Each structure stands twice: as structure tokens, then as C-alpha cells.
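With the first letter of the sequence shown counted as 1, position 269 gets the number 395 in the working numbering; the numbers rise by one all the way through.
Working notes, beginning with the structure itself.
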Amino acid sequence: ISNELRNSGVYHFNQDYVTFEIDTIGTNKKVNVGVQIQNRAIRTPDSIRREPFNIYTIKEVNIVTDYSFENRNRPFHDSISYKGFKIFSYDKIRYRPKALTDAIFITPGSTFKDSDRTQTYRHINELRTFKYPNIEYIENANNTLTDTIRLTPLKKFGLGFSADVSQSNIQTVGFSLNPSLLIRNIFRGAETLELSAIGSIGASKDKNNINDPFFDINEIGADLKLTIPRFFFPFNTEKLIPKYMSPSTRMSLAATGQTNIGLDKQTFSGNFSYNWSPSPKVINRLDVFNVQYVKNLNIENYFRIYENSYNSLNDVAQDINYIPSNTDLAIPNETDAFISYALASPTPSGISSDQLTTVNGINERQNRLTENNLIISSSFSFTNDERTNLFDEDFSIFRFKLETAGNLLSSVSNLIGLKKDTDNRYQLLDVAYSQYIKTELDYVKHWDLGNKNVLAARSYFGIAIPYGNSNSIPFSKSFFAGGANDNRAWTAYRLGPGSSESTNEFNEANLKLALSIEQRFNIFEKLNGAVFIDAGNIWNVLDDVELDNATFTSLDSLKDIAVGSGFGLRYDFSFFIFRFDIGFKTYDPSYQNQNRWFNDYNFSNAVYNIGINYPF
127 ISNELRNSGV YHFNQDYVTF EIDTIGTNKK VNVGVQIQNR AIRTPDSIRR EPFNIYTIKE
187 VNIVTDYSFE NRNRPFHDSI SYKGFKIFSY DKIRYRPKAL TDAIFITPGS TFKDSDRTQT
247 YRHINELRTF KYPNIEYIEN ANNTLTDTIR LTPLKKFGLG FSADVSQSNI QTVGFSLNPS
307 LLIRNIFRGA ETLELSAIGS IGASKDKNNI NDPFFDINEI GADLKLTIPR FFFPFNTEKL
367 IPKYMSPSTR MSLAATGQTN IGLDKQTFSG NFSYNWSPSP KVINRLDVFN VQYVKNLNIE
427 NYFRIYENSY NSLNDVAQDI NYIPSNTDLA IPNETDAFIS YALASPTPSG ISSDQLTTVN
487 GINERQNRLT ENNLIISSSF SFTNDERTNL FDEDFSIFRF KLETAGNLLS SVSNLIGLKK
547 DTDNRYQLLD VAYSQYIKTE LDYVKHWDLG NKNVLAARSY FGIAIPYGNS NSIPFSKSFF
607 AGGANDNRAW TAYRLGPGSS ESTNEFNEAN LKLALSIEQR FNIFEKLNGA VFIDAGNIWN
667 VLDDVELDNA TFTSLDSLKD IAVGSGFGLR YDFSFFIFRF DIGFKTYDPS YQNQNRWFND
727 YNFSNAVYNI GINYPF
């Protein structure tokens with residue numbers, strides 16, 4: 127009642143004016159409740175009188191752009207009137223009026239609404255340009271209010287610096303530095319520009335060249351991000367996307383270079399996106415274009431990095447006596463020569479169909495992971511988050527994303543005279559651009575069972591279909607299974623595809639299904655426990671992979687869904703949760719024609735996961 131009235135112009139109303147009268151006389155064990163709303167109480171030095179409430183309107187809105195405690199008694203040096211707003215500054219006004227008024231919902235001539243003040247607080251904070259604002263109403267005669275909004279600017283420049291020390295399966299030790307610079311209000315419209323860089327060095331565990339120095343891994347990169355607190359568009363979009371939806375535009379450019387790590391890569395990317403929130407629970411994002419170019423610099427190093435593929439290829443070469451059993455294929459000349467020999471038409475005698483399938487699969491994967499990628503995509507994502515606050519444990523989250531790539535280039539390729547490669551694919555900048563459609567659906571639900579018990583569930587479906595200029599999905603856009611936030615009985619990239627017994631270092635595919643359920647409970651104080659069941663897998667579908675065990679052909683392929691189960695501990699540090707999970711392979715589809723249940727259900731084959739915060 128109080129909120130409704132205060133958002134309808136009743137400035138002086140509060141909850142104390144609402145009282146209840148309870149009557150149980152002659153009601154046969156029922157209760158009559160009378161709701162009483164009193165008139166406004168006006169206190170004088172010696173009495174209190176009551177009068178009906180009045181509706182208040184906003185007479186003036188004053189905006190002070192550079193308020194500080196030191197400035198409070200100084201006269202204003204600069205002022206502007208803009209669409210009924212009055213803007214003041216103790217020095218020169220450094221903001222375009224529209225940039226400020228777009229974030230203010232208290233407007234001259236409007237009826238007083240408490241919600242307008244709340245929205246103004248929120249939108250000014252989203253500008254990332256001012257400290258928490260001070261909003262003050264002063265009562266005038268004739269039931270009007272004068273609103274004064276005092277803004278205290280943050281420093282124009284902000285410097286950041288972080289350093290990391292890391293260790294992984296490919297490096298003994300690594301060091302990285304990340305300096306950053308934030309520039310606020312760079313174009314006088316409350317825009318923020320972020321410049322960041324990364325520089326890192328590391329020592330690899332398996333050196334490609336024994337003559338390399340100890341720190342033989344290095345990476346350097348730079349990133350530029352510009353955020354504009356409105357739609358950057360040639361036409362006025364206010365009627366389509368009102369300002370209460372917090373419209374913003376984001377642009378970014380990034381470049382990184384890696385040497386002596388894997389295949390050595392140079393990556394360039396650019397993005398232009400719109401973001402808006404139709405309600406506090408809904409976030410929309412439209413990537414108008416997202417460009418990514420990946421150039422591999424050291425492709426002849428492929429079989430040194432992907433040793434499992436090399437060992438499989440070497441075994442086939444020895445089995446057919448292409449090389450003696452006591453020698454190995456030299457990288458890269460002999461490995462490339464043997465692949466060409468094995469895949470020649472007609473197939474050389476002595477190579478079985480299974481061996482031919484193995485070599486063909488190795489060749490397809492090598493080509494896919496070593497080719498340069500050019501991805502020009504657009505996407506739309508929708509998120510509906512029903513959480514009311516950080517401590518809400520009874521909510522749902524739904525996420526949807528649709529992405530398409532290469533369609534515009536496909537339409538104009540012939541018109542602008544793009545050349546084709548040996549696989550009859552159009553090229554831009556000597557790279558066959560990717561063309562695909564990809565969609566993802568993600569649903570999370572939490573049930574609060576009381577006494578710090580929570581039941582959490584997640585379902586996920588994703589598919590990426592290549593077509594037109596592509597026969598497969600770029601590695602960076604494919605799906606993987608396993609890991610601390612997926613099926614915890616398998617390590618990341620180790621599950622699937624399908625029921626194949628893959629020995630690849632990284633298993634990925636273009637179709638994914640995942641289901642998880644977890645019971646969380648308190649053990650004592652900040653230590654919590656959980657038991658969980660994870661299910662899911664990845665498959666290839668509608669691409670160039672022909673291996674039956676890795677391909678989703680019909681609903682019968684669902685029998686290859688892997689199931690993991692286990693338990694874990696969580697410790698709540700208030701600002702983050704440290705998580706430790708143990709996952710056991712409960713149903714393993716890689717046991718193709720055998721019993722798949724509980725074959726490796728023991729601690730020696732368990733997967734131990736460490737994570738930060740909950741997996742879903």
C-alpha cells in the first residue's frame with residue numbers, strides 16, 4: 127500500500143499510516159480485519175493536526191555535476207538549462223547534458239514517484255563515472271517539490287595492475303603481468319574507455335627444441351574496450367528501447383600473439399554489440415558483428431603437440447611395414463608423406479579399412495586444428511534471471527543464444543570476386559571464412575528446502591551446424607564435455623564424442639547435451655557438502671566426421687549419454703566459495719558392446735575437481 131501510494135504522488139506517506147483492526151467477536155473462529163489508512167499527521171510545537179494527503183509534482187530538477195564537501199559553499203561557475211533540467215557546475219561543465227538526463231528519471235512537471243528516485247540511483251551508478259549520488263527533495267508551496275541531484279565525479283583516470291603465477295599440464299611455471307588503464311567520460315558523454323595489456327612468460331614441460339631457453343613460452347596482447355551508455359545508432363531509438371531499459375553500446379578490439387606454445391598463434395578480434403534490460407530480471411545482448419581471425423604460425427609442430435595422434439599414426443605405419451618397427455616417423459616430413467601415401471587413390475594394399483579410417487580421422491583433425499580461421503558472426507542472447515538477491519536460493523535462470531556466421535559474406539562472395547581454395551570454398555584474406563548457425567539453451571533451477579538445504583538442477587543443449595562455405599565448426603566454437611563445471615567424472619575435453627574410444631588430447635564436437643542435479647547441505651558453520659549426478663555427452667552431427675560411434679544419428683544415440691556421480695565439499699569464504707568434488711564414472715559409453723555400468727567406479731579412477739563457486 128505504501129509503495130503504491132508513494133509511486134502515485136503521495137510524497138509524505140509511509141507504512142506507519144497503515145493500521146489494522148482485528149475483530150473476532152461473533153465470527154465463529156474467523157477474523158474480520160479492517161485496514162485503516164490515516165490522514166497525514168502534521169506536527170506543530172504544541173499539537174498534531176491531521177489533514178488529507180495531497181498529490182505532489184516535481185517543479186524543478188537541479189543537477190550539480192561536480193559536488194564535493196569542499197565545494198559546498200562555493201558559487202556555481204557554469205550552468206545550462208536542458209529540456210527543463212537545470213545543470214550546474216562549480217567549474218566548467220564537462221558532460222553533455224543528454225548524457226546526464228538520460229540517467230535521471232525524475233523529470234520537471236511529472237508526478238512524484240519514489241520508483242523514479244530508485245531508477246535514477248541505479249542508472250547513475252551504471253555510468254561508472256560518479257560516486258553514489260545524493261538525491262534530495264525540498265518541499266515548496268502549492269504541493270510541489272524541488273529535486274537536487276548532487277554528483278561527485280570519480281577520477282578521470284584509473285590504473286590497474288595484476289600479476290599471476292601459474293602451473294599447468296604444459297608448463298612448469300608461468301608468470302604474467304596485466305596492466306590496465308580506465309578513462310572515464312572520454313567523449314563528454316559518460317563513456318568509459320578501457321585499455322589493457324597482457325605479457326607472460328613460461329617454461330614448458332616438453333620443449334620442442336632442447337636449445338630453447340628455460341622460459342620458452344611467451345604471450346603478448348592488448349585489448350581496447352569502449353562502453354557508451356546509450357545506443358550508438360544514426361537514428362533515435364528512444365521509442366524502441368526506452369532509457370529505463372539501460373541501453374548501452376560496447377565496442378572492443380583485441381590482438382594477442384603466442385610463441386613456442388602449441389602451434390603458435392596470432393589472434394585478432396573485434397566486436398560491436400548492443401545491451402539492454404527490459405526488466406530487472408531480463409538482459410538482452412545483440413552482437414551486431416563479432417570478427418575473429420586466428421593465424422597458426424607453426425603448423426609443422428602439430429604432431430609434437432598432439433602426441434596421441436602421432437602415436438596412432440606411427441603405429442599404423444609400423445603395422446603395414448611402411449617403416450621398420452624399431453623406428454619412428456620423422457616430424458613433419460615423414461608424417462605428412464605417410465598420410466599422403468595412406469590416403470592415395472586407390473588405397474595402397476596392406477592398409478585395412480580400420481587403419482584407413484584411423485589415418486583419415488587423424489588427417490581431418492590435423493587440417494581442422496592447423497587451418498587459419500576467419501569468423502564474422504552475429505548473435506543474440508537472452509537471459510532471464512529470477513533471483514531477487516545474492517542470498518536467494520529459490521529461483522530459476524534461463525539463457526538462450528543464437529549465433530550465425532558467414533551469411534553476409536556468402537551472399538556477396540561471388541559479386542565481389544572472392545577466390546576459392548582447393549576445397550571449393552570462398553576465401554577472404556587467403557582464409558576460407560566459416561559459415562554456420564549455432565544455438566544454446568541453458569536452464570538452471572534451485573529449490574530451497576530449508577535448513578540450508580538446496581536442490582539444484584541444470585539442463586543444457588547446444589548445437590552448431592556448418593553449411594555453405596564450411597564442412598566443420600571452428601575449434602573455438604565447438605563443444606566439449608567434462609571438467610569441474612560439467613560432467614565431473616571426466617576431466618575437461620576427455621569425454622566423447624559419443625561412444626568413441628578417442629585418445630585425442632582434446633575431444634570436441636558440434637552437438638552437446640548436459641543434465642545435472644545436486645543436493646547441497648550444511649555440515650557445520652561455513653562448511654557445506656553436496657552429492658551430485660551429472661549426465662551428458664557430445665556428438666558430431668551434420669559435419670564431415672564419419673565415425674559412427676562419434677555421430678548422433680537418431681534418438682538411439684542417447685544410449686551414449688555418460689553418467690557420473692559423486693560428492694564434494696564447499697567452504698564459504700563469503701566473497702567466494704571454494705569447491706572440491708570427486709566424480710566417479712557411473713555409466714561409461716566408451717565400453718561400447720560391454721557392460722557400461724560401474725566399470726571404473728573406484729577412487730583410483732575417480733576425477734578430483736577444484737573449483738571456485740558452484741558449478742551451476
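The beta carbon of each residue, even a glycine, is placed where N, CA and C say it ideally should be.
Treat the numbers as computed from the prediction; the structure is a model and nothing was measured.
Test item: CB-CB of GLY284 and SER302 under 8 angstroms: no
ARG376 and THR353: beta carbons closer than 8 angstroms? yes
Take ILE563 and list the residues in its own chain whose beta-carbon comes closer than 6 angstroms to its own, dropping the five residues that flank it on each side. THR530, ILE591
Let me know the secondary structure DSSP gives VAL485 once reduced to three states. helix
Integer Cβ distance of ASP660 from ARG620, believed to fall under 8 angstroms: ASP660 to ARG620, Cβ: 13 angstroms. No contact.
Using three-state DSSP, classify TYR713 as helix, strand or coil. strand
Just to confirm, is the Cβ distance from ALA640 to TYR586 under 8 angstroms? yes
For GLN384, which of helix, strand or coil comes out of DSSP? Residue state, collapsed to three classes: strand.
Quickly, what does DSSP pair ALA348 with across the bridge? List them, please. ALA323, ALA381
Do you know offhand how far PRO368's Cα is from ASN489's? If I take the Cα positions, the gap works out to 53 angstroms.
N-terminal and C-terminal residue of the alpha helix (DSSP H) that GLU433 is part of: Start and end: 433 to 445.
Just checking, does the stretch 199 to 213 make contact with the stretch 223 to 235 on the three C-beta pairs under 8 angstroms criterion? yes
When we look at the beta-carbon of ASN165 and count the other beta-carbons within 10 Å, is it buried (16 or more) or exposed? exposed
With burial defined as no fewer than 16 other Cβ atoms inside 10 Å of the residue's Cβ, what is the status of PHE359: buried or exposed? exposed
If the criterion is Cβ atoms closer than 8 angstroms, does the pair ARG494 and PHE606 meet it? no
Between which two residues does the alpha helix (DSSP H) carrying ALA468 extend? 459 to 468
Is the beta carbon of ILE343 sitting closer than 8 angstroms to the one on SER330? Remark: C-beta atoms of ILE343 and SER330 approach each other more closely than 8 angstroms.
Taking the alpha helix (DSSP H) that GLU196 belongs to, which residues open and close that run? It is not in any alpha helix (DSSP H) - GLU196 carries neither H nor E in the DSSP assignment.
Can you tell me whether SER537 is helix, strand or coil according to DSSP? In this structure, SER537 counts as helix in the three-state DSSP scheme.
Could you give the DSSP three-state label for ARG248: helix, strand or coil? ARG248 falls in the helix class under three-state DSSP.
From this set, SER716, GLN481, LYS365, TYR216, which residue's C-alpha is nearest ARG200's C-alpha? TYR216
Measure the beta-carbon distance from THR509 to ARG491 and round it to whole angstroms, keeping in mind my assumption that it falls under 8 angstroms. About 34 angstroms separates the two Cβ atoms, so there is no contact after all.
When ARG513, GLU433, LEU412 are compared against LYS571, the one with the closest alpha-carbon: ARG513
According to the Cβ coordinates, are GLN561 and ASN540 closer than 8 angstroms? no
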